[in-house]
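Colleague: In the working numbering, the protein residues as written are 34 to 308. Glycine included, each C-beta is placed from N, C-alpha and C at the ideal position. Attaching a single structure in structure tokens format; questions to follow.
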């Protein structure tokens, strides 16, 4: 009888204690398998590369070697897709591995900020998509230095990541603080803002936040960006390029594309030191 009472008492204690054990707050994340499926669906076999977009013209008829495909190689690897090897071989054939802008996401620091320059490399006919794709490459024009790079959220992230890769954590946190000042409660309102928030800037914040060790300052922004990116995942698995916020609701603007989806996958699954 005494033993039975003791067991009942223990059970009571456990039942009372369980509600007091709260699970840690966790940010939502976009579905990784769906992102993988989306990126694989963008593959143009005739080029060995991924097209830029689904419906938005002219990107739905464009293949960007950089930024898109150099980011896609890393994203596909993180998503456990063998397709990344094909894309990597195709990029090697063109002599492309970095482009002087998104390099920190691939583990390579920048040596400065320069105006982007677009080069057309050729065209390829695709039977799969019944389209003639234009192959383009965005590179850094080293004769045009950007003095105002600290006014752009994405460039601030690349600057902070470059500092991190060089072991300059204090400098990285200084830029991180500047990035936080651009957050307006719904998205990053930087010099490029024109009424629609850019999803990839949230992805870049998530990546930097995680790379810095998830500091307490900025936790709410991290949670918000995680919710936003998850809400922007389309039914085909890609992440929509832009959004507006109305009455507390996230309104997708644009369509899912390779660059934004790749950045989002890298943001949640990778770190600078992985390469």
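1) Does the count of Cβ pairs from the segment 121 to 131 and the segment 178 to 187 closer than 8 Å reach three?
2) Please return the same chain residues whose Cβ sits closer than 6 Å to the Cβ of residue 92, not counting the five positions on each side in sequence.
3) Quick one: what does DSSP say residue 137 is sitting in, helix, strand or coil?
4) Would you check if there are 3 or more beta carbon pairs closer than 8 Å linking the segment 151 to 164 to the segment 208 to 218?
5) How many Å lie between residue 114 and residue 195 at the Cα?
6) Am I right that residue 266 and residue 63 are in contact with their C-beta atoms under 8 Å? What's the rounded C-beta distance?
7) Nearest by alpha-carbon distance to residue 187: which of 239, 283 and 198 is it?
8) Taking residue 89 as the reference, give the member of 296, 291 and 295 with the closest Cα.
9) Based on Cα-Cα distance, which residue from 200, 244, 191 and 95 lies nearest to residue 234?
10) Just to check my reading of the structure: residue 170 and residue 120 have Cβ atoms closer than 8 Å, yes? What is that Cβ distance to the nearest angstrom?
11) Please identify the residue among 111, 60 and 252 whose C-alpha is closest to the C-alpha of residue 69.
12) Going straight from the alpha carbon of residue 248 to that of residue 78, what length do you get?
13) Counting C-beta neighbours from all protein chains within 10 Å, is the total for residue 203 16 or more, i.e. buried, or is it exposed?
14) Taking the Cβ atom as the reference point for each residue, do residue 339 and residue 255 lie within a distance shorter than 8 Å?
15) Within this structure, are the beta carbons of residue 209 and residue 177 separated by less than 8 Å?
16) Between residue 133 and the rest of its own chain, which residues show a CB-CB distance below 8 Å, the 5 nearest in sequence each way excluded?
17) I'd like the list of long-range same chain contacts for residue 71, defined as Cβ closer than 7 Å, with 5 residues on each side in sequence excluded.
18) What's the call for residue 372, buried or exposed, on a 16-neighbour Cβ count within 10 Å?
19) Pop quiz: residue 246 and residue 198 are said to be a contact at Cβ under 8 Å. What is the actual Cβ separation, rounded to whole angstroms?
20) Of the choices 282, 107 and 95, whose alpha-carbon is the least far from that of residue 151?
21) Excluding the 5 residues flanking residue 55 on each side, which residues of the same chain have their C-beta closer than 7 Å to its C-beta?
22) Let me check understanding here. Comparing Cα to Cα, which of 154, 123, 159 and 229 lies closest to residue 274?
23) Please state whether the Cβ-Cβ distance between residue 29 and residue 298 is less than 8 Å.
24) For the beta strand (DSSP E) containing residue 6, list its first residue and its last residue.
25) Does residue 173 come out as helix, strand or coil in the three-state DSSP assignment?
26) Are the CB atoms of residue 98 and residue 168 within a distance shorter than 8 Å?
Modeller: Quick look at the numbers:
1) no
2) 85 and 86
3) helix
4) no
5) 27 Å
6) 4 Å
7) 239
8) 291
9) 191
10) So it is not a contact: roughly 14 Å between Cβ atoms.
11) 111
12) 42 Å
13) exposed
14) The structure shown does not extend to residue 339, since the chain spans only 34 to 308, so no value can be given for it.
15) no
16) 143, 147, 172, 173 and 175
17) 269, 270, 271, 289 and 294
18) In the structure displayed, the chain extends from 34 to 308; residue 372 sits before or after that span and is not available.
19) The pair is not a contact, with the Cβ atoms about 15 Å apart (cut-off 8 Å).
20) 95
21) Confidence in residue 55 is poor, its pLDDT being 31 and thus under 50, which makes the residue's placement too unreliable to answer from.
22) 229
23) The shown model of the chain, from 34 to 308, leaves out residue 29, and the question about it has no answer.
24) Examination of residue 6 is not possible in this model, given that the chain is present from 34 through 308 alone.
25) strand
26) yes
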